[in-house]
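Asks:
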Amino acid sequence: MDNNKKENPSGIELKSFYSDSDIKDNAELGNPGSFPFTRGVYSTMYSGRPWTMRQYAGFGTAEETNERFKYLLKNGQTGLSVAFDLPTQLGLDSDDKLAEGEVGKVGVAICSVKDMMRLFDGIPLDKVSTSMTINASSMIILAMYIVTAKKQGVSMDKLSGTIQNDILKEYTARGNYIFPPEPSMRLTADIFEFCSKNLPKWNTISISGYHIREAGSTAVQELAFTFADAIAYVEYALKKGLDIDAFAPRLSFFFNAHNNFFEEIAKFRAARKIWSDIMKNRFHAKDEKSMMLRFHTQTAGSMLTAQQPQNNIVRVALQALSAVLGGTQSLHTNSYDEALALPTEESVRIALRTQQIIAFETGICDVADPVGGSYYLESLTNEIEQRVQEYLMKIDKMGGAVKCVESGYFKNEIHNAAYQYQKDVESGKNIVVGLNKFTIDEKVKPNLMKIDSAVEAKRREKLSSIRKSRDNKKVDDILAKIKNACSTSENLFPLVLDAVENDVTMGEIINVMKSKWGLFDND
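With the numbering used here applied, the sequence shown covers -19 to 503.
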């Protein structure tokens, strides 16, 4: 065994140095803004304006989160990103018994359109781009957002933003699913269809590798499993009769910016190349916009340490830099205290300032793809691409992403990678500063944010008030229509839109769907 042999976290063997011989056999790089978009989807990239700085926020009530949104916008944030609490993600109203103890804890609680109106009170929805991290209940949340905009006098065609709407990765990596895969895919495709006709500026899905990586995958697995999921969504939409170039330009992705600096930059560049090949050669898209991979990036929450938390400021800065050099379209930087609690205003401001320093003080935005042509980077980009393609061929042979979800293949691959990483941390092979090396005796704890325990009682009161004041006969009629439509191929979005506009709650809509489709058991 060669004790001097080095491998990166994806198991790619590394040389001591790289030269032109390592890349000379590969195709020419091309230019930013040109197929296969390895060097970026736009020719000017950030020289016109930086990426969208989109800090993820949400906690407690809609009113509290609204205050945080306004604070972030005042401090220079250029897009909003909403974190929803666990009950909302699972389609439960705040007064559901299963929601006890979780209301407002890891995100904002949203049950009705009135909550959504409070969340965006005083924030003009035709002037701000909003990303919403929601999956199983994404149709209902988007419907509430549309109705909120309507009440502001903003039409659907003026709305810009993203709904995550990526249910397949929930079965694999995150666990926030409700229904079995088939009806879940139907809801996703219904959103594609409705938005392609009514919300031309809206990204109908953010296909997420982020959570796959947070669950412990390697960079190669993050891309491979994300693209396998993306292929499944596209195939499902095509089966519904949608035209590839009608919906593909509004597909977007969500990736993780992890610790290994050059591997992450190479991963983002390889991702664009792989997606352009999939869209052009597998699905025969004609519109170049269909071939452009546009993505949001978040720094790696799983790499934050509770030990010496200020060290996380440096980690986040380097992870963010890799995302920018990799050509991201928007970015969230984690706050240094998130390994301990929800972020405080001070830590959120430092995270946002990190992006602003990169954008306005480093000169990185002056040219597109400033690291392009590096022998090491280009070799790594090509190696990652090759390994991802090998995974995709294997997944195809196994029947595609849905089959791999149902068989547990994705989950097992991720678990094995996570187990190996943890073993390497415990053995000291992987050094984590402040955790397994360079430790100190910490006595002073940072100020942490806490959620008021009275939130649940307030939420129950508001829901009770809504149910008493609305037209409950109309509510029953609308829910009956949704229940019947669950057994047909009718697009459910218009019915859900009508429901939320008439104060039907999230839990009421989901419960009707559960009565037709049941729950998915992934054990």
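C-beta atoms are modelled at their ideal positions from N, C-alpha and C, and glycine is treated no differently.
Based on the DSSP output, what are the partners of Phe235 in its beta bridges?
Replies: Its beta-bridge partners are Thr277.
Asks: Figure out for me which residue from Leu72, Ile90 and Pro30 has the closest Cα to the Cα of Thr45.
Replies: Thr45 has its Cα closest to that of Ile90, out of Leu72, Ile90 and Pro30.
Asks: Looking at the structure shown, is Lys417 part of a helix, part of a strand, or coil, going by DSSP?
Replies: If DSSP states are grouped into helix, strand and coil, Lys417 belongs with the strands.
Asks: Using a Cβ-Cβ cut-off of 6 Å (strictly less than) and excluding sequence neighbours within five positions of Glu(-7), which residues of its own chain qualify?
Replies: Around Glu(-7): Glu(-13).
Asks: Ordered along the chain, which non-local residues of its own chain (more than five positions away) have a Cβ less than 7 Å from that of Gly84?
Replies: Contacts found: Phe39, Gly40, Thr41, Asp65, Ile431 and Val435.
Asks: What would DSSP say about Thr468, mapped onto helix, strand or coil?
Replies: Residue state, collapsed to three classes: coil.
Asks: State yes or no: is the C-beta of Met21 within less than 8 Å of the C-beta of Arg252?
Replies: Per the sequence shown, residue 21 should be read as Val rather than Met. Closer than 8 Å, so yes.
Asks: Distance check for Phe234 and Gln366, CA to CA, integer angstroms please.
Replies: C-alpha separation (whole angstroms): 21 Å.
Asks: Using the rule of at least 16 other Cβ atoms within 10 Å of the residue's Cβ for burial, across every protein chain shown, is Tyr540 buried or exposed?
Replies: With the chain represented from -19 up to 503, any question about residue 540 goes unanswered, as that position is not in the structure.
Asks: Taking all protein chains shown into account, do 16 or more other C-beta atoms lie within 10 angstroms of the C-beta of Met124, making it buried, or fewer, making it exposed?
Replies: It is buried - the Cβ of Met124 has at least 16 other Cβ atoms within 10 Å.
Asks: So which of Thr285, Val296, Ser387 and Ile394 has the shortest CA-CA distance to Val412?
Replies: Checking every option, the nearest Cα to that of Val412 belongs to Thr285.
Asks: Where does Asp509 land, buried or exposed, given buried means 16+ other C-beta within 10 angstroms?
Replies: The requested residue 509 is not part of the displayed model; the chain covers only -19 to 503.
Asks: Threshold first: 4 residues or longer. Then list the alpha helix (DSSP H) segments lying entirely within the region 251 to 322, N to C.
Replies: You should have 268 to 271 and 291 to 305.
Asks: Go ahead and label Met516 buried or exposed: buried means 16 or more other beta carbons lie within 10 angstroms of its beta carbon, across all protein chains shown.
Replies: In the structure displayed, the chain extends from -19 to 503; residue 516 sits before or after that span and is not available.
Asks: Note down the Cα distance separating Thr24 from Ala437, rounded to an integer number of angstroms.
Replies: Answer to the nearest angstrom: the Cα atoms are 51 Å apart.
Asks: With H, G and I counted as helix, E and B as strand and the rest as coil, what does DSSP make of Lys(-14)?
Replies: In the structure shown, Lys(-14) sits in a strand (DSSP, three-state: E or B).
Asks: If you scan the region 156 to 239 from start to end, which runs of the alpha helix (DSSP H) of 4 or more residues do you find wholly inside it?
Replies: Within the region 156 to 239, the complete alpha helix (DSSP H) runs of at least 4 residues are 161 to 178, 190 to 194, 199 to 219 and 224 to 227.
Asks: Entirely within the region 90 to 128 and at least 3 residues each: give me those beta strand (DSSP E) ranges in chain order.
Replies: If we require 3 residues or more, the beta strand (DSSP E) runs fully inside the region 90 to 128 come out as 110 to 113.
Asks: Do three or more CB pairs link the region 177 to 197 to the region 347 to 364 at distances below 8 Å?
Replies: Touching, no, given that fewer than three Cβ pairs across the two stretches are closer than 8 Å.
Asks: Straight-line CA distance for Cys384 to Ser256?
Replies: In a straight line, the C-alpha of Cys384 is about 23 Å away from that of Ser256.
Asks: Does the region 381 to 398 come into contact with the region 263 to 278, if we say contact requires no fewer than three beta-carbon pairs (one atom in each stretch) closer than 8 Å?
Replies: Touching, no, given that fewer than three Cβ pairs across the two stretches are closer than 8 Å.
Asks: Would you tell me roughly how many angstroms separate the C-alpha atoms of Lys403 and Gly414, rounded to the nearest one?
Replies: Their backbone Cα atoms lie some 17 Å apart in a straight line.
Asks: How many angstroms separate the CA atom of Trp497 from the CA atom of Met165?
Replies: If I take the Cα positions, the gap works out to 12 Å.
Asks: State the beta-bridge partners of Met33 as determined by DSSP.
Replies: Met33 pairs with Leu311.
Asks: What is the residue span of the beta strand (DSSP E) that Ala63 lies within?
Replies: Leu60 to Ala63 is the extent of the beta strand (DSSP E) around Ala63.
Asks: Can you list, in chain order, the residues of its chain whose CB lies under 7 Å from that of Met(-19), leaving out five sequence neighbours each side?
Replies: Below a pLDDT of 50, predicted positions are generally treated as unreliable, and Met(-19), at 41, falls in that range; the measurement from the model is reported next regardless. Around Met(-19): no qualifying Cβ.
Asks: What three-state label does DSSP hand Ile490 in the structure shown?
Replies: DSSP places Ile490 in helix when its eight states are reduced to three.
Asks: From Lys94 to Pro67, what does the alpha carbon distance come to, in whole angstroms?
Replies: The alpha-carbon atoms of Lys94 and Pro67 are separated by roughly 17 Å.
Asks: As a quick exercise: from Glu8, Asp2, Gly13 and Leu9, pick the residue whose alpha carbon is nearest that of Lys269.
Replies: Residue Gly13 is the option with its Cα nearest to Lys269.
Asks: Within 10 Å of its beta-carbon, does Ile128 have 16 or more other beta-carbons around it, so buried, or fewer, so exposed?
Replies: Checking the sequence shown, residue 128 turns out to be Thr, not Ile. It is buried - the Cβ of Thr128 has at least 16 other Cβ atoms within 10 Å.
Asks: Quick check on the burial criterion: 16 or more other C-beta atoms within 10 angstroms. Buried or exposed for Pro104?
Replies: Result: exposed.
Asks: In the DSSP assignment, what are the bridge partners of Ile143?
Replies: The partner list for Ile143 (beta bridge, DSSP) reads Met112.
Asks: At the level of alpha carbons, what is the spacing between Ala331 and Asn314?
Replies: Taking the straight line from one Cα to the other gives about 6 Å.
Asks: According to DSSP, Glu(-7) sits in a beta bridge with which residue or residues?
Replies: Glu(-13).
Asks: Relative to the C-alpha of Phe418, which candidate in Lys131, Ser302 and Gln288 has its C-alpha closest?
Replies: Nearest of Lys131, Ser302 and Gln288 to Phe418, Cα basis: Gln288.
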